[in-house]
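Notes for the one structure printed next.
2 protein chains.
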Amino acid sequence: MNIEEKIIFSNREYDLLTVGEILIDMISKDFAEDFSSEEYIKNFGGSPANIVINTKRLGLNSRAVSSVGFDGFGDFLVSHLQNEGIDTSLIGRTTCPTSMVVVTRSRGTPVPIFYRGADYEIEYTEELDKAIKNTRIMHFSTWPLSRERSRKVVEKAIKTAKESGTLIGFDPNYHRDLWDKDFDAIGYIKSIIKYVDFIKPSEDDAERLFGKDIPKNQIKKFLELGADVVVMTLGKDGVIVADKNKMVQFNTLATEVQDTTGAGDAFWSGFYTGIIKGRNVEDAVKVGLAASAFKLKYIGAISPMPKYEDLIKEFNV
Amino acid sequence: MNIEEKIIFSNREYDLLTVGEILIDMISKDFAEDFSSEEYIKNFGGSPANIVINTKRLGLNSRAVSSVGFDGFGDFLVSHLQNEGIDTSLIGRTTCPTSMVVVTRSRGTPVPIFYRGADYEIEYTEELDKAIKNTRIMHFSTWPLSRERSRKVVEKAIKTAKESGTLIGFDPNYHRDLWDKDFDAIGYIKSIIKYVDFIKPSEDDAERLFGKDIPKNQIKKFLELGADVVVMTLGKDGVIVADKNKMVQFNTLATEVQDTTGAGDAFWSGFYTGIIKGRNVEDAVKVGLAASAFKLKYIGAISPMPKYEDLIKEFNV
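Respectively, the protein sequence lines represent chains A and B. Residue numbering for the first sequence follows the UniProt record's numbering, beginning at 1 and increasing consecutively. Residue numbering for the second sequence follows the UniProt record's numbering, beginning at 1 and increasing consecutively.
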């Protein structure tokens, strides 16, 4: 694949299948140093889960593969997705508690506390096998890669996707704290990049994998590892999209920034929607930029994302 | 030991050493069904931790053995104890997240979600060995028994306590969800009762271990398993205290009930303080009743517990 190529999809029931974390984001109400904050707000969370909701609102037929606990938080997350009209039959339930991330907002960089539980208890079922063969794009995050049990499931899912012509998108959002200390997480992440069609690192993601460097050099490293298409998001500096022959930079479309939370997920959502709607990668990136610009106007990880047709009209892309 | 015997302690630096969970209680601000509550309040928690604070305020020299994460919640818990003047040198830090219990208050019985992490990573260090030999009473809860790693530590601690003449109190607060599904938790708990000097079940605790029965029969079951002294708390119906020869019931001293949270911990705290101050078990139970009656007047797990001398004067015990 290259960034000018328009992808012709075969007829499939689903547009997008995300494999990854659905969890509770427990975020302090106030900014506070030293975890002195007393009140926390429970939020629906998990990047793949946000992408499912955003793309559903944009008009895709999306569904999520994940696992939550047999507990009140699991009920809350599943019913939240169902209220968006999303099929939750691929979300398993286990006796582990529903995974949670606690974030105490502070003036510096907040240090999240990760409570892993049900999220990595996904299983490779017959239904999942069918679902991968019946979706146009499969997206996955690093969370399920970080534990052996779910890593095996993702590896099998990648194999099935490859064999059945399902495109693969990968969010290399590596966080050291999620992985076993004695596992070469960075080496592993680098080793699977050759299987993916789209990879969308942020500058931070790239730095965590390769160390500090300028964006163009970082993109070359992803391409050398075998990624077909690299989309690197640069925050206020827009996006660079590249394949092995061409590299193009686009400016941000954002004019108003209320909250950057979830901007990356919104970008992924617009980008995938553009691809599904028949655009080539370069043109789909513009939809990604429109979706993130839309999201940036709202506070919270999820915005009231409009239909695709209204979004591209609003941002003239 | 029997309930009329006055215990003569040798000279030791510490009065009470608790072995068990120190954790975050994340409790919903409002009552809500189906985990629909949005706001949660972060609280200092863990029954043994509350007992340490209460007894310190009553005038004992108390310290806690536990483990918390290298994270903001761990910092919060340790500094909370330090602010009470409690020695925290036996509280270890690990890379696991600080343990947390999430409770969504509802009209029915709230179902807690347990996020186990650092709490069961306690280790049997040389300092712990010295501390057990240098305390008058060692108290433990079921939390550290519920995982193999910390269970071995408690077993070794019990052995050391027995050999060095340290009295042992045990809170049989069994919760199925804390234990591995394939481990005979109830059988295990029953098997260690013979090592303890004081056991204080509530009616719920007894029912979870033995099934439903009247309090006097439940007490006999604890005695038959080898407990020296059984103190069974009955809520508004007071307390029954028993050894193999005698059984006495005391009425509650509570006149005002704002919140029952932490009443059991307050009872333990008053009871231990009475024992340390030279009372026999029957008379120490009265101090336990006074401490729980004091606590019941306040909202929250911890009340502004007065000095022992002021408490016994207020309740005339």
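Idealized CB from N, CA, C, for every residue including glycine.
Among B/Lys29, B/His139 and B/Ile186, which residue has its Cα nearest to the Cα of B/Val65? For the purposes of this step, residue 65 of chain B is taken as residue 65 along the second sequence, with counting starting at 1. If we check each option's Cα against that of B/Val65, B/His139 comes out closest.
Which two residues bound the contiguous alpha helix (DSSP H) that contains B/Lys133? Within the second sequence, the letter at position 133 stands for residue 133 of chain B. From DSSP, the alpha helix (DSSP H) with B/Lys133 extends over Glu126 to Lys133.
Quick check: the Cα distance between A/Val154 and B/Thr95, rounded to an integer number of angstroms? For the purposes of this step, residue 154 of chain A is identified with residue 154 of the first sequence, where counting begins at 1. For the purposes of this step, residue 95 of chain B is identified with residue 95 of the second sequence, where counting begins at 1. B/Thr95 has its alpha-carbon roughly 26 Å from the corresponding atom of A/Val154.
Please determine, among A/Leu223, A/Phe35, A/Lys181 and A/Leu16, the residue with the shortest C-alpha to C-alpha distance to A/Pro201. Working through the first sequence from its first residue, we reach residue 201 of chain A at position 201. Among A/Leu223, A/Phe35, A/Lys181 and A/Leu16, the Cα nearest to that of A/Pro201 belongs to A/Leu223.
Which bits of chain B does A/Gly46 rub up against, with CB to CB less than 9 Å? Position 46 of the first sequence holds residue 46 of chain A. Chain B residues near A/Gly46: none, gap ~16 Å exceeds 9 Å.
Rank A/Ile189, A/Lys6 and A/Asp15 by C-alpha distance to the C-alpha of A/Pro144 and give the top, closest one. On the first sequence, position 144 is the one that residue 144 of chain A refers to. Selected option, being the one with the closest Cα: A/Ile189.
So if DSSP puts B/His139 in a beta bridge, which residue, or which two residues, is it bridged to? Sequence index remark: in the second sequence, residue 139 of chain B carries index 139 (1-based). The partner list for B/His139 (beta bridge, DSSP) reads B/Thr18 and B/Gly169.
Any C-beta of chain B under 8 Å from that of A/Val111: Position 111 of the first sequence, counted from the start, is the residue given in the question as residue 111 of chain A. It does; some Cβ of chain B falls within 8 Å.
Is B/Glu127 buried or exposed, if buried means 16 or more other CB atoms sit within 10 Å of its CB? Your numbering for residue 127 of chain B matches position 127 in the second sequence. The residue in question, B/Glu127, is exposed, as its Cβ has fewer than 16 Cβ neighbours within 10 Å.
For A/Met232, the nearest candidate out of A/Lys216, A/Arg107, A/Ala185 and A/Tyr308 (CA to CA): Counting from one through the first sequence, the residue named residue 232 of chain A turns up at place 232. Minimum Cα distance to A/Met232 is reached at A/Lys216.
Touch check for the segment 16-26 of chain A and the segment 37-54 of chain A: three-plus C-beta pairs under 8 Å? yes
Alpha carbons only, please: which of A/Ile113, A/Ser269, A/Asp182 and A/Lys156 is nearest the one belonging to A/Asp129? On the first sequence, residue 129 of chain A is found 129 positions in, with the first residue counted as 1. Measuring from the Cα of A/Asp129, the nearest candidate turns out to be A/Lys156.
Please name the residue, chosen from B/Gln218, B/Ala266 and B/Arg151, that lies closest to B/Leu289 on a Cα-to-Cα basis. Taking the second sequence and counting its residues from 1, one reaches residue 289 of chain B at position 289. The shortest Cα separation from B/Leu289 among B/Gln218, B/Ala266 and B/Arg151 belongs to B/Ala266.
In this structure, how does DSSP classify A/Glu163 when only helix, strand and coil are distinguished? As a working mapping, residue 163 of chain A is identified with position 163 in the first sequence. A/Glu163 falls in the helix class under three-state DSSP.
Classify B/Arg107: buried if its beta carbon has 16 or more other beta carbons within 10 angstroms, exposed otherwise. Taking the first residue of the second sequence as position 1, residue 107 of chain B is located at position 107. Label assigned to B/Arg107: exposed.
At a CB distance below 8 Å, what residues from the segment 98-129 of chain A approach chain B? Give them in sequence order. Thr98, Met100, Val102, Thr104, Val111, Ile113, Phe114, Tyr115 and Gly117
If you measure between the beta carbons of B/Gly262 and B/Gly238, is that distance less than 8 Å? On the second sequence, residue 262 of chain B is found 262 positions in, with the first residue counted as 1. On the second sequence, residue 238 of chain B is found 238 positions in, with the first residue counted as 1. Taking 8 Å as the Cβ cut-off, B/Gly262 and B/Gly238 do not qualify as a contacting pair.
A/Leu311 and A/Ala254 - do their beta-carbons sit closer together than 8 Å? Start at 1 with the first residue of the first sequence, and residue 254 of chain A comes out as number 254. Start at 1 with the first residue of the first sequence, and residue 311 of chain A comes out as number 311. Contact check for A/Ala254 against A/Leu311 fails: the beta carbons are separated by 8 Å or more.
Considering only the beta carbon of each residue, do B/Tyr272 and B/Thr88 sit closer than 8 Å? Against the second sequence, residue 272 of chain B aligns to sequence position 272. Against the second sequence, residue 88 of chain B aligns to sequence position 88. Judged by beta-carbon spacing, B/Thr88 lies beyond the 8 Å limit of B/Tyr272, meaning their Cβ atoms are not closer than that value.
May I ask you to list, following chain order, the residues of the segment 73-86 of chain B that have a beta carbon less than 7 Å from some beta carbon of chain A? The residues in question are Phe73, Asp75 and Phe76.
Mind checking B/Glu38: buried by the 16 CB within 10 Å criterion, or exposed? Here residue 38 of chain B is taken as the residue at index 38 of the second sequence, counted from 1. Under the 10 Å beta carbon count, B/Glu38 is surrounded by fewer than 16 other beta carbons and is classified as exposed.
Cβ neighbours of A/Gly244 in the same chain (closer than 6 Å, five flanking residues each side left out): The sequence position of residue 244 of chain A within the first sequence is 244, counting from 1. As written in the sequence, residue 244 of chain A is Lys, which differs from the Gly given in the question. For A/Lys244, where only same-chain residues beyond five positions count, the Cβ hits under 6 Å are Leu223.
Chain-ordered chain B contacts of A/Met26 [CB-CB under 8 Å]: For the purposes of this step, residue 26 of chain A is taken as the residue at position 26 of the first sequence. The answer, in chain order, is Met26 and Tyr40.
Check whether the segment 75-91 of chain B and the segment 109-120 of chain B touch, using three or more Cβ-Cβ pairs below 8 Å as the test. no
Runs of alpha helix (DSSP H) wholly within the segment 185-253 of chain B (minimum 4 residues, chain order): 185-192, 203-210 and 215-224
Identify the continuous beta strand (DSSP E) that holds A/Ile113 and give its terminal residues. Position 113 of the first sequence, counted from the first residue, corresponds to residue 113 of chain A. Element bounds for A/Ile113: Ile113 to Tyr115.
To which residues does DSSP link B/Ser89 through a beta bridge? Stepping through the second sequence from its first residue, residue 89 of chain B is reached at position 89. Beta-bridge pairing links B/Ser89 to no other residue.
So with CB distances below 7 Å, who are the chain B contacts of A/Phe35? Numbered from 1 along the first sequence, position 35 holds the residue referred to as residue 35 of chain A. Chain B residues near A/Phe35: Gly72, Phe73, Asp75 and Phe76.
Going by beta-carbon coordinates alone, are A/Pro97 and A/Val103 separated by less than 8 Å? By one-based count along the first sequence, residue 97 of chain A stands at place 97. By one-based count along the first sequence, residue 103 of chain A stands at place 103. No, the Cβ-Cβ distance between A/Pro97 and A/Val103 is not below 8 Å.
Distance CB(A/Lys246)-CB(A/Ile7) smaller than 8 Å: Numbered from 1 along the first sequence, position 246 holds the residue referred to as residue 246 of chain A. Numbered from 1 along the first sequence, position 7 holds the residue referred to as residue 7 of chain A. No.
Closest Cα partner of B/Phe70 within the set B/Ser99, B/Arg12 and B/Val230: As a first step, residue 70 of chain B must be located in the second sequence, where it is residue number 70. If you compare the alpha carbons of B/Ser99, B/Arg12 and B/Val230 with that of B/Phe70, the shortest gap goes to B/Ser99.
When the Cα of B/Phe294 is compared with those of B/Glu13, B/Thr260 and B/Ile276, which residue comes out closest? In the second sequence, the residue the question calls residue 294 of chain B occupies position 294. Comparing Cα positions, the closest option is B/Thr260.
Grouping DSSP H, G and I as helix and E and B as strand, with all else coil, what is A/Gly108? Translated into positions along the first sequence, residue 108 of chain A becomes position 108. A/Gly108 falls in the coil class under three-state DSSP.
Alpha-carbon spacing of B/Gly191 relative to B/Gly226, whole angstroms: The residue given as residue 191 of chain B occupies position 191 in the second sequence. The residue given as residue 226 of chain B occupies position 226 in the second sequence. According to the sequence shown, residue 191 of chain B is Ser rather than Gly. Each residue's alpha carbon lies about 9 Å from the other.
Taking Cβ to Cβ, would you say A/Gly169 is nearer than 8 Å to A/Asp197? Taking the first residue of the first sequence as 1, we reach residue 169 of chain A at position 169. Taking the first residue of the first sequence as 1, we reach residue 197 of chain A at position 197. Against a cut-off of 8 Å, the Cβ pair of A/Asp197 and A/Gly169 comes out as a contact.
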